[in-house]
Structures are given as structure tokens and as C-alpha cells.
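The block underneath contains the structure these notes are about, expressed in C-alpha cells.
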Amino acid sequence: MAEIREQYAAVVLLGHMNPLIFQPEWLRANNIIGESEAKAAVENGGDDVIHKEITQLSLAKKSILVEQGRFTVTALEEPLVSAKDFALGCFRLLPHTPISAMGLNFITVFRLSDHVKWHAMGDGLVPKAPWDALLAPPEGKQGVRVGGMRNLTIERSQRPDEHLGYIRVIVEGVEGSQPDTKFGVNDHYQFDPKSPKSAGDVMDLLEEQWEIARLRAKKITDSIMDWADGL
Numbered sequence: 001m002a003e004i005r006e007q008y009a010a011v012v013l014l015g016h017m018n019p020l021i022f023q024p025e026w027l028r029a030n031n032i033i034g035e036s037e038a039k040a041a042v043e044n045g046g047d048d049v050i051h052k053e054i055t056q057l058s059l060a061k062k063s064i065l066v067e068q069g070r071f072t073v074t075a076l077e078e079p080l081v082s083a084k085d086f087a088l089g090c091f092r093l094l095p096h097t098p099i100s101a102m103g104l105n106f107i108t109v110f111r112l113s114d115h116v117k118w119h120a121m122g123d124g125l126v127p128k129a130p131w132d133a134l135l136a137p138p139e140g141k142q143g144v145r146v147g148g149m150r151n152l153t154i155e156r157s158q159r160p161d162e163h164l165g166y167i168r169v170i171v172e173g174v175e176g177s178q179p180d181t182k183f184g185v186n187d188h189y190q191f192d193p194k195s196p197k198s199a200g201d202v203m204d205l206l207e208e209q210w211e212i213a214r215l216r217a218k219k220i221t222d223s224i225m226d227w228a229d230g231l
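Per UniProt numbering, the very first residue in the sequence shown carries number 1; after that it's consecutive.
Spelled out as C-alpha cells, the structure:
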């Protein structure tokens, strides 16, 4: 059986941000984080950055990166829904922030039982025959593996709902001694850049779509894991 090693999730918002707002004390005072997370942020202060152009915070089980054009909160472990809750907590207080796009990202790192299946998965996803000119083994060393798939991006450019955007899957081999694969699903919602949505409206969409996107990502991830496990 394929073994899940890590899972994390992120909410990404593109728009006009003010990084200086997102300070631990502001987050604590507005009940977005608790006392323990605020304390952890202070203790990790040497690694944090708070500036008009960028804020980077390490909180308990979450990381925050806010640039002038992008907001990202990543839940580094369960409960992954904390990424959604954090974004909601922030932008319910900043409802007029203009947002041009939202991404809901779900990442799983899984391990197959051995490298034979790991390579078979790469060969199945990216057949090697068209790449003989690059990947053919040296003369006299048939059967020697000289390379293969490093990463792969698959995109559904028309969403299965009424929203503009796409669903993008990225598969990437993890370097190291274990047959690990990083599998990410990006559920992307695009708004008119000439007439961006307000953060209040986007938060309504986030609440509506989070579970739908999570289950869609799980279905895609599980299907690939099951397929690879049966190779």
C-alpha cells in the first residue's frame, strides 16, 4: 500500500495586500490566533519578517507569507482546515481588500513500497519511448536506467463548475533514498483583474468551495496512489 508521509494545505489570494497588518499582536487581538500561537511567533521572532513589502511568520502548525500582491497561509499538519479558518479570520476583518484570484492547494507526499513501483509510476505517467534520444542507455548497457520523469503538470483548463479558473495537478519525485512522490492539486479561481472581487465576497466563495475542493483533491490523489500501488 502507498503510505502517506505528509499532508498540508494552503490558501493563496492574489490582490492588493498590506503586509504590515499581519503582525502577531493584530492576529491575537482579533482572535485569529490564540495566546499560545502568539507566544510561539514571538519566540520564533528571529526567523520572522515584518516589513511593508513582506511579512513572514512561523506559527504553531502554520506558516504565513504576505507580499504586496499575494497572501499565503499554509497548514503544515492536521487540521488542514486551519488554513481556511485563518484566511477567513483575516479577511472578514479586511472585507474591502481587492482580490483577483484564489488558489486552494492540497499537497500529499506519499511513499510507494519500492523503487520498482516508483519508476513504473513515472514511466506510466510519462512514457519514455518518445524520449529515446535523451534517455537511451549507453551502448552495451541495455537495461540501465539513466533518468526519467522529474516532474509533471496536468491541467484541466475548464473548471467543472461555473467559476473561471483551472484545476492543476503537479507530480514531482522527491529526491532521496526513499520512493517518495509529492502530489499537489491546485484548485484555482480566477476573477476579472480589471474588476477584482472584494475579499468579503471571496471569503464567501472560500467557505462554499473549501470542502468541495478538498474532496476533489482527495479523489484525484487517491486515484493516482491506487493506480501506482497496483503497478
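Where a beta carbon is used, it is the ideal one built from N, C-alpha and C, also for glycine.
So is N105 buried or exposed if we call it buried at 16+ other beta carbons inside 10 Å? Here residue 105 refers to the residue found at position 105 of the sequence shown. N105 comes out buried.
task: Give the DSSP-derived three-state secondary structure of A40 in the structure shown.
output: For the purposes of this step, residue 40 is identified with residue 40 of the sequence shown, where counting begins at 1. When secondary structure is reduced to three states using DSSP, A40 falls in the helix class.
Report yes or no: do the segment 100-114 and the segment 27-35 share at least 3 C-beta pairs separated by less than 8 Å?
Touching, no.
Return the first residue and the last residue of the alpha helix (DSSP H) that V202 is part of.
The residue labelled residue 202 in the question sits at position 202 within the sequence shown. Counting along the chain, V202 sits inside the alpha helix (DSSP H) bounded by residues A199 to D229.
Practice prompt. Helix, strand or coil for residue 233, going by three-state DSSP, please let me know.
Written response: No answer is possible for residue 233: the residues shown for the chain start at 1 and end at 231.
Exercise. If you count every other CB in all the chains shown that lies within 10 Å of the CB of G230, and 16 or more means buried, which is it?
Worked result: For the purposes of this step, residue 230 is taken as the residue at position 230 of the sequence shown. G230 comes out exposed.
Whole-angstrom Cβ separation of M17 and R70, contact assumed at under 8 Å? Residue 17 sits at position 17 when you count from the first residue of the sequence shown. Residue 70 sits at position 70 when you count from the first residue of the sequence shown. Going by Cβ atoms, the distance from M17 to R70 rounds to 7 Å, so yes, they are a contact pair.
* Please determine, among E78, A41 and H51, the residue with the shortest C-alpha to C-alpha distance to A9. => By one-based count along the sequence shown, residue 9 stands at place 9. The option with the nearest alpha carbon to A9 is E78.
Proximal residues to A60 (C-beta, below 7 Å), its chain only, five neighbours per side dropped:
As a working note, residue 60 is residue 60 in the sequence shown. Taken in chain order, the residues that qualify are S36, E37 and A40.
* To do: Put I33 into one of helix, strand or coil per three-state DSSP.
  => Your numbering for residue 33 matches position 33 in the sequence shown. In this structure, DSSP gives I33 a state outside helix and strand, which the three-state scheme calls coil.
Span separating the alpha-carbon of I154 from that of V42: Numbered from 1 along the sequence shown, position 154 holds the residue referred to as residue 154. Numbered from 1 along the sequence shown, position 42 holds the residue referred to as residue 42. Rounded to whole angstroms, I154 to V42 spans 40 Å at the Cα level.
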